[in-house]
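Just below is one structure, and these are the notes that go with it.
As structure tokens, this is what we get:
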């Protein structure tokens, strides 16, 4: 039960963060889904960092991540902060509005930046831990 609560609370916080960021970015950059792009890139960076911390075998005991914290952060917060379905919906909307360049940039940017951000987060922590 406490595991479900950790995921649920993380999801609640992540969903509110995603909505707030998306609304702010939409007012700043109307016509392009910059909010979804930003939360996906940030979420990828954070999950790369957490991946390295959670899986590193020589991690100092003071940096160990409790199971509930991992569930709160990864499954809950980051799971609801980042969103593939919204990315798909916004891309199709761009295509339906004949905004091919924005749609292609959205697809390419999310994929390239997303994978790079996961790698950067993971590599940064691994570099720091192995010093």
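Residue numbers (my numbering): 26 to 156.
Positions of the beta carbon are idealized from the N, C-alpha and C atoms, including for glycine.
Predicted model only: the values in this text are computed from it and were never measured.
Could you please give the first and the last residue of the uninterrupted alpha helix (DSSP H) stretch that includes residue i?
| i | result |
| --- | --- |
| residue 44 | 27-53 |
| residue 72 | 59-80 |
| residue 132 | 125-154 |
| residue 113 | 109-121 |
| residue 95 | 92-95 |
Given that a residue counts as buried once 16 or more other Cβ atoms are within 10 Å of its Cβ, and exposed if not, what is residue i?
| i | result |
| --- | --- |
| residue 110 | exposed |
| residue 55 | exposed |
| residue 96 | buried |
| residue 147 | buried |
| residue 133 | exposed |
| residue 80 | exposed |
| residue 43 | buried |
| residue 112 | buried |
If distances are taken between C-alpha atoms only, which option among the options comes closest to residue i?
| i | options | result |
| --- | --- | --- |
| residue 46 | 57, 30, 64 and 140 | 64 |
| residue 122 | 29, 38, 142 and 57 | 57 |
| residue 39 | 101, 127 and 53 | 101 |
| residue 62 | 118, 125, 26 and 108 | 108 |
| residue 30 | 78, 72 and 94 | 94 |
| residue 35 | 103, 145, 149 and 139 | 103 |
| residue 157 | 114, 139, 140 and 138 | The chain is shown only over 26 to 156; residue 157 falls outside these bounds and no answer can be derived. |
State yes or no: is the C-beta of residue i within less than 8 Å of the C-beta of residue j?
| i | j | result |
| --- | --- | --- |
| residue 98 | residue 68 | no |
| residue 143 | residue 60 | no |
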